[in-house]
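Participant: Quick one: structure below, then a few questions.
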Amino acid sequence: MGLKIVVLAKQVPDTRNVGKDAMKEDGTVNRAALPAIYNPEDLNALEQALRLKDLIPGTTVNVLTMGPARAAEIVRESMYRGADGGAILSGREFAGADTLATSYAISCAIKKFGDVDMIVCGRQAIDGDTAQVGPQVAEKLSLPQLTYVEEIVKLDEGAKKVVVKRRVEKGVEVLECPFPVVITVNGSAAPCRSREAKRVMRFKRAAVPSELAAMPSAYPEVYQKDSALKIGEWSVSDIDTDINSLGLKGSPTKVKSIQAVSFQAKESKRMTDSDEDIDTLMKELIADNILG
Amino acid sequence: MANYYSDNESLKFQLSHPLMDRIIEMKEEGFTDKDKYDFAPQDLADAKDNYERVLDIVGEIAGTVIEENSEGVDKEGPHCENNRVAYASGTQQNQDVLTQAGVYGIALPRQYGGLNFAMTPYVMSGEMVSRADAGFANIWGLQDCAETIYEFASEEQKAKYLPLINKGYTCSMDLTEPDAGSDLQSVQLKATYSEEQGCWLLNGVKRFITNGDAQIKLVLARSEEGTTDARGLSYFICENHFDNAIKVRRIEDKLGIHGSPTTELVFTNAKAELVGERKLGLIKYVMSLMNGARLGVGAQSVGLSESAWREAVAYAADRRQFGKSIDQMPAVQEMIALIKARLDASRALLYETARFVDFAKLYEDRQRKGLLTKEERPEAKKYQKLADAFTPECKLFASEYANQNAYDCLQVHGGSGYMRDYKCERLYRDARIMNVYEGTSQLQVVAAIRHVTTGTYLARIQEYQAETVDASLLPLKERLDKMVVAFQEAVAHVEAEKANDEVNGQAYIDLCARKLVEMAGLCIMGYLLVLDATRSIRISGPDFTKSANVFINHAEAEVAKHTAWVKASSAQMLQFYK
């Protein structure tokens with residue numbers, strides 16, 4: 509039979525490689541200077557989904573992402589690694605959304621996939637670090653949620669139950685839950701598998717309609733023939749939503765200002781690698797509650 | 004994330020070489036595979052894009068997984084357990100990730116699960132893997148065995164074994180024995196045909212077998228009882244069922260390339276299938292396999308040199324002495340510039356060789372399929388000859404330079420480089436095998452010298468001389484032209500001496516051979532760098548002008564040194580070397 513899995517993924521600026529041009533003078537993020545990448549923990553989530561696909565024949569993994577046409581790259585990247593396909597949720601109505609409006613839009617869009625057994629996403633995105641969208645999607649769809657998951661340990665398709673290992677502050681919890689369920693995956697989970705060569709050569713042609721409108725495919729007949737190459741592009745009219753709950757309008761969070769904080773060491777101390785110096789340093793760190 | 008393809012402009016530059024278009028077009032035979040395989044390219048541009056994308060995958064795996072595992076693999080190494088090899092954990096992970104990425108069988112036809120890429124991008128993948136871990140590059144490179152199976156095995160054997168390569172089955176080529184190293188015609192491992200079992204049975208011992216516990220093995224064995232030379236040897240495919248018919252007796256404790264298990268094997272009635280015809284094992288099939296493996300060691304060597312250069316640059320920028328970073332000091336600058344020059348020169352030679360091998364194999368394939376036209380015959384012959392001539396030069400120089408580069412890289416690190424804390428120490432150990440295995444440097448000279456005396460190198464050099472060079476590089480070209488004159492004079496001197504001494508003439512050539520072969524190689528690399536620099540100026544590619552200058556300074560002095568030696572030599576001198 510197989511499961512129907514949807515992975516939520518986000519295209520984010522690569523904040524891990526911040527150079528000196530990362531912020532504009534007005535304190536906003538200079539997206540042009542930061543390459544757009546697959547949110548790292550969403551890749552961990554994709555891996556968990558793909559493992560289930562390997563394990564249970566007939567399982568489909570589709571990826572949903574919200575963003576402009578270029579976000580289709582996230583779906584393609586997922587297909588290179590083993591996902592069946594996916595869709596992007598696009599349009600100016602979605603722009604400026606905080607986590608509430610984002611999770612609302614995504615929860616409405618997920619319904620277009622039909623009865624989904626499992627929604628998997630990364631714990632949080634590196635551009636906002638809120639870790640709210642996954643849990644909010646679960647709430648809006650009235651589904652149970654398993655957060656901070658490190659591994660899907662067992663899945664009983666017949667009983668519709670999943671067992672996961674969950675990373676908590678001082679250890680690991682093993683939880684069982686019936687599905688449908690929303691699972692958010694930790695960065696400490698297994699890294700995502702590599703792109704697969706033959707899939708890359710085939711699915712590099714996958715695209716959303718507006719990408720093709722901007723830059724027509726050099727091989728339109730291939731795109732026409734192979735239905736797996738068609739990535740969904742959903743606008744607000746494709747999903748059942750209340751437009752007032754979307755985008756900036758639906759976002760109670762208002763960013764008043766952003767400050768660029770640069771750390772500067774105010775004082776420094778030189779220490780040698782002698783035993784006494786190391787001993788003194790350890791004592792200081794323990795006294796300051798940094799260690800211990 | 005480190006990516007050893009995207010961070011190295013030189014690879015892209017070599018991939019954009021004008022000859023690549025024809026190589027790809029020949030490889031794709033009219034792009035007809037697109038009707039059968041959804042991943043096959045539609046046209047030339049599409050195929051080139053595929054090359055880049057797949058190399059990017061290999062580059063990412065090399066720069067992340069393999070690089071990150073390399074230190075642990077070097078420390079842990081493989082071990083022998085119940086007559087089997089257990090890889091170091093990092094080695095197994097490297098293997099698993101590359102298999103999952105579907106990049107094994109990169110050069111095999113699609114019908115056998117491969118990607119049908121040319122040899123040049125395959126060689127590039129080997130270079131990148133080696134930059135991360137030279138030891139693992141052997142396990143990656145042993146997919147060369149598939150080439151031999153493709154070229155010489157029966158249709159049935161191809162259908163049985165080749166699809167396994169893409170699935171990550173590992174290979175080994177089992178040639179060496181305790182008494183048969185460089186001299187493979189002394190191989191003793193016995194092959195007897197069993198009427199009862201309807202197959203060949205192998206019995207005996209093999210030694211120094213890289214990745215000896217592989218699943219698919221190509222074994223050189225004596226099939227003709229009572230013979231003692233090459234004519235009694237045949238070649239066999241042996242699928243390892245891990246049923247103790249092939250036991251790993253021990254794993255060698257080596258200086259370097261710890262990730263690559265070097266094994267001693269005992270064959271006891273191991274079932275095997277004959278490849279091709281009896282008695283042609285060494286004469287035809289192994290020679291072909293060896294040429295592929297030598298190109299592989301060339302790639303491995305260049306990958307290690309790339310790593311040595313980067314390590315030296317990074318350390319010299321970081322290390323401060325006398326109030327400044329040591330990369331400000333001319334004595335250190337000279338070492339680093341020379342590492343880079345040798346790296347660029349050996350890479351230029353590596354990919355020139357790879358392109359010749361590509362053409363040679365493509366024409367050979369056309370001949371096998373009965374497609375070779377009369378008009379194509381001279382081209383086929385030309386490229387086969389160039390591939391034969393350039394492969395030993397490439398292996399000789401790339402491996403010797405890898406050693407010199409690792410040596411200088413350690414020197415740049417000073418005392419720290421001698422400690423296990425820095426990568427350069429491992430590079431130094433890993434490099435040392437490269438000019439030894441798959442034919443020592445001395446054996447490369449044996450393979451190359453006839454191309455000195457028959458003029459293969461000179462003819463190619465003259466083709467380089469006829470090409471247009473950027474005006475800024477003309478002074479370099481003039482110096483190269485003079486080096487070629489010196490090379491010709493040295494060859495003439497040796498040949499005249501030989502003619503004067505009927506008894507010792509050949510031995511005298513053998514004594515001088517290394518100098519002559521090196522002179523040819525130095526001239527060739529010099530021209531290749533000048534031509535690469537010219538093309539790179541035109542397309543705003545990476546800078547090769549610096550390396551061309553540094554290399555020709557070095558090569559010119561080397562040629563002068565060899566000239567002095569050769570001109571002062573005579574057949575009478577042999578006595579002093581005995």
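Sequence lines, in order, name chains A and B.
Numbered by the numbering used here, the letters in the first sequence go through residues 509 to 800 in order.
Numbered by the numbering used here, the letters in the second sequence go through residues 4 to 581 in order.
All C-beta atoms in this analysis are idealised placements derived from N, C-alpha and C, irrespective of residue type, glycine included.
My parser needs the alpha helix (DSSP H) runs of 4 or more residues fully inside the region 568-626 of chain A; what are they?
Facilitator: Here the runs fully enclosed are 580-589 and 607-618.
Participant: Is residue 705(A) close to chain B? Criterion is C-beta to C-beta, closer than 8 Å.
Facilitator: yes
Participant: Any chance you could list the beta strand (DSSP E) runs of at least 3 consecutive residues sitting entirely within the region 657-724 of chain A, in chain order?
Facilitator: 669-676, 679-686 and 689-693
Participant: Tell whether a beta-carbon distance below 8 Å holds between residue 43(B) and residue 51(B).
Facilitator: no
Participant: Under 7 Å, CB to CB, which of the residues in the region 92-115 of chain B have a partner in chain A?
Facilitator: 100, 103, 104, 105 and 106
Participant: Chain B partners of residue 734(A), CB-CB under 8 Å?
Facilitator: 41
Participant: By alpha-carbon positions, which one of 157(B), 239(B) and 142(B) ends up nearest to residue 216(B)?
Facilitator: Among 157(B), 239(B) and 142(B), the Cα nearest to that of residue 216(B) belongs to 142(B).
Participant: Counting only Cβ-Cβ distances shorter than 9 Å, please list the residues of the region 48-60 of chain B near chain A, keeping chain order.
Facilitator: 48, 49, 52, 53, 56, 57, 59 and 60
Participant: Find the residues of chain A that neighbour residue 64(B), judging by a C-beta separation of less than 8 Å, and give them in chain order.
Facilitator: Per Cβ cutoff of 8 Å: 702.
Participant: Since residue 329(B) is in the beta strand (DSSP E), which residue starts that stretch and which ends it?
Facilitator: Residue 329(B) -> no beta strand (DSSP E), and no H or E assigned at all.
Participant: Under 8 Å, do residue 602(A) and residue 613(A) count as touching if we go by C-beta distance?
Facilitator: yes
Participant: Rounded to whole angstroms, how far is the Cβ of residue 742(A) from the Cβ of residue 617(A), which I believe are closer than 8 Å?
Facilitator: 6 Å
Participant: How many whole angstroms separate the CB atoms of residue 332(B) and residue 411(B), which I take to be in contact at a CB cut-off of 8 Å?
Facilitator: Not really, about 14 Å apart at Cβ, beyond 8 Å.
Participant: Given 8 Å as the limit, is there contact between the region 122-131 of chain B and the region 288-306 of chain B, that is, 3 or more CB pairs closer than that?
Facilitator: yes
Participant: Confirm, please, whether the CB-CB distance from residue 137(B) to residue 433(B) is below 8 Å.
Facilitator: yes
Participant: Listing by chain order, which chain A residues have their CB less than 9 Å from the CB of residue 118(B)?
Facilitator: 705, 706 and 709
Participant: Does residue 422(B) come out as helix, strand or coil in the three-state DSSP assignment?
Facilitator: coil
Participant: To which residues of the same chain is residue 307(B) closer than 8 Å at the C-beta, ignoring the five residues directly before and after it?
Facilitator: These residues qualify, in order along the chain: 133, 134, 137, 405, 408, 409, 430, 433, 434 and 437.
Participant: Name, please, each residue of chain A whose Cβ falls closer than 8 Å to the Cβ of residue 45(B).
Facilitator: 726, 727 and 730
Participant: Flag residue 712(A) as yes if its beta-carbon sits less than 8 Å from any beta-carbon of chain B, otherwise no.
Facilitator: Judged by the 8 Å Cβ criterion, residue 712(A) is in contact with chain B.
Participant: Are the C-beta of residue 666(A) and some C-beta of chain E separated by less than 8 Å?
Facilitator: Although the question refers to chain E, the structure presented lacks it and instead comprises the protein chains A and B.
Participant: For residue 193(B), collect the residues of the same chain with a Cβ closer than 6 Å to its Cβ; drop the 5 residues on either side in sequence, then sort them by chain order.
Facilitator: 206, 207 and 225
Participant: Between which two residues does the beta strand (DSSP E) holding residue 557(B) run?
Facilitator: Residue 557(B) -> not in any beta strand (DSSP E); alpha helix (DSSP H) instead, spanning 548-570.
Participant: If we call anything under 8 Å between Cβ atoms a contact, is residue 452(B) one with residue 512(B)?
Facilitator: The criterion of a C-beta distance shorter than 8 Å is satisfied by residue 452(B) and residue 512(B).
Participant: Taking the runs of the beta strand (DSSP E) that are 3 residues or longer, which of them lie wholly in the region 33-111 of chain B?
Facilitator: Listed in chain order, the complete beta strand (DSSP E) runs (minimum 3 residues) inside the region 33-111 of chain B are 82-84 and 87-89.
Participant: What separation, rounded to the nearest whole angstrom, lies between the Cα atoms of residue 627(A) and residue 690(A)?
Facilitator: 5 Å
Participant: Kindly give me the distance between the Cβ atoms of residue 705(A) and residue 105(B), rounded to whole angstroms, as I take these residues to be in contact under 8 Å.
Facilitator: 4 Å
Participant: Given this structure, state the Cα-to-Cα distance separating residue 124(B) from residue 14(B), to the nearest angstrom.
Facilitator: Rounded to whole angstroms, residue 124(B) and residue 14(B) show a C-alpha spacing of 9 Å.
Participant: Could you tell me which residues DSSP puts in a beta bridge with residue 654(A)?
Facilitator: 691(A)
Participant: Within 10 angstroms of the Cβ of residue 236(B), are there 16 or more other Cβ atoms? Answer buried if so, exposed if not.
Facilitator: buried
Participant: By the 10 Å Cβ neighbour count, where 16 or more other Cβ atoms means buried, how is residue 526(A) classified, buried or exposed?
Facilitator: exposed
Participant: Touching or not, the region 111-123 of chain B and the region 163-179 of chain B, by the rule of three or more beta carbon pairs under 8 Å?
Facilitator: yes
Participant: Taking its Cβ as the centre, do 16 or more other Cβ atoms sit within 10 Å of residue 245(B), making it buried, or is it exposed?
Facilitator: exposed
Participant: Would you report the Cα separation of residue 634(A) and residue 520(A), rounded to the nearest angstrom?
Facilitator: 7 Å
Participant: With distance defined between alpha-carbon atoms, name the residue in 88(B), 223(B) and 415(B) nearest to residue 340(B).
Facilitator: When C-alpha distances from residue 340(B) are compared across 88(B), 223(B) and 415(B), the shortest belongs to 415(B).
Participant: What does residue 206(B) pair with, by DSSP beta-bridge criteria?
Facilitator: In DSSP, residue 206(B) forms a bridge with 193(B).
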